[in-house]
Amino acid sequence: MSYNAKIRADAMSLNPIDDALFIKMAESLKVCQEMLRVFLMDKQLVVLDNMPQSIVKNLQGRSCILDLKCRLASGKIVHIEVQKADDDDHQRRVRYNSSILTANIADPGSKFRDIPDVISVFISKFDVFKRGKAIYHVERIIKETGEKVYNGTQEIYVNAEINDESDIARLMKVFVEDTYYDNKFPAISERKRIFKTTEEGVNEMCEVIERNRAEARAEGRAEGRAEGRAEGRLSLLTRLVKLNKLSMQEAAHEADMTEADFRKLALL
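For what it's worth, our numbering labels the leading residue of the sequence shown as 1, then goes sequentially.
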């Protein structure tokens with residue numbers, strides 16, 4: 001199979017549960033509104049604006065890229081993440097992204113009561129909590145009384161593993177099954193059909209895949225150069241120790257590690 005044919009096959013195999021296709025689908029405000037009306041169980045919900053791949057900055061630590069951020073007519077902010085692989089602590093991922101988003105949307109000097117509410121929606125191919133439910137609403141409670149308390153954040157976990165015949169389960173079938181479309185979700189089904197079956201849509205997805213792979217290769221080369229520089233610095237410090245130009249303690253300090261670790265890595 002040629003390179004172009006392989007790219008095309010890869011593009012046509014994507015589903016909304018895949019980041020690349022989800023982000024393209026989420027460019028449509030109608031898709032976002034239809035999806036959130038199902039997940040938030042509110043048929044009157046209105047999405048005012050949508051921003052796929054929203055970059056949320058953290059100047060003192062790890063920033064994040066939200067798969068989708070939406071602003072509702074109610075004033076609430078919703079962020080969505082789609083995840084195929086069960087390879088991390090997803091509750092902490094949701095917590096972190098929600099906290100960084102909250103910090104970014106809070107106006108300086110505003111009262112805490114004025115900070116917009118944030119809803120986190122985590123869409124996964126797998127059942128995060130392994131309790132046999134298609135959707136989970138995680139809420140804060142007072143342990144001693146069992147009362148629910150609200151601080152402006154909500155967490156909703158939706159998965160495609162559990163099929164309970166609900167609207168959510170039907171929508172998740174659209175997310176994960178190649179040839180499944182559902183008239184109950186016309187905007188979502190039509191946009192999925194465009195990117196999987198039409199020439200224009202498939203070509204657009206091919207461009208997305210090629211761009212993503214080019215970026216990944218560039219990041220890999222950058223990481224390789226950084227690793228190479230680190231290895232070169234360690235080699236230089238090792239030579240200086242052997243030439244008695246630096247003490248073991250000084251070299252370890254320059255390498256930002258303990259003497260024992262430096263000795264082990266430098267084979268001294």
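Think of the CB as a built atom: it goes at the ideal place given N, C-alpha and C, for glycine as much as any other residue.
Query                                                                                           : Result
Range of the contiguous beta strand (DSSP E) that encloses residue 51                           : 47-56
With 16 other Cβ atoms within 10 Å as the buried cut-off, status of residue 79                  : buried
Those residues which DSSP pairs with residue 69 across a bridge                                 : 51 and 79
Beta-carbon proximity of residue 69 to residue 50, cut-off 9 Å                                  : yes
Reduced DSSP secondary structure (H/G/I, E/B, other) of residue 123                             : strand
Beta carbon of residue 47 nearer than 9 Å to that of residue 60                                 : no
Stretch pair the segment 134-150 + the segment 104-113: three plus CB contacts closer than 8 Å  : no
Contact the segment 72-89 vs the segment 12-20: 3+ CB pairs below 8 Å                           : yes
Pair within 9 Å by beta-carbon distance, residue 161 and residue 117                            : no
The segment 159-177 contacting the segment 118-125, beta-carbon criterion three pairs below 8 Å : yes
Segment contact, 8 Å Cβ cut-off, at least three pairs: the segment 97-105 with the segment 2-13 : no
Status (buried if at least 16 other CB within 10 Å, exposed otherwise) for residue 15           : buried
Under the three-state DSSP convention, the category residue 44 falls into                       : coil
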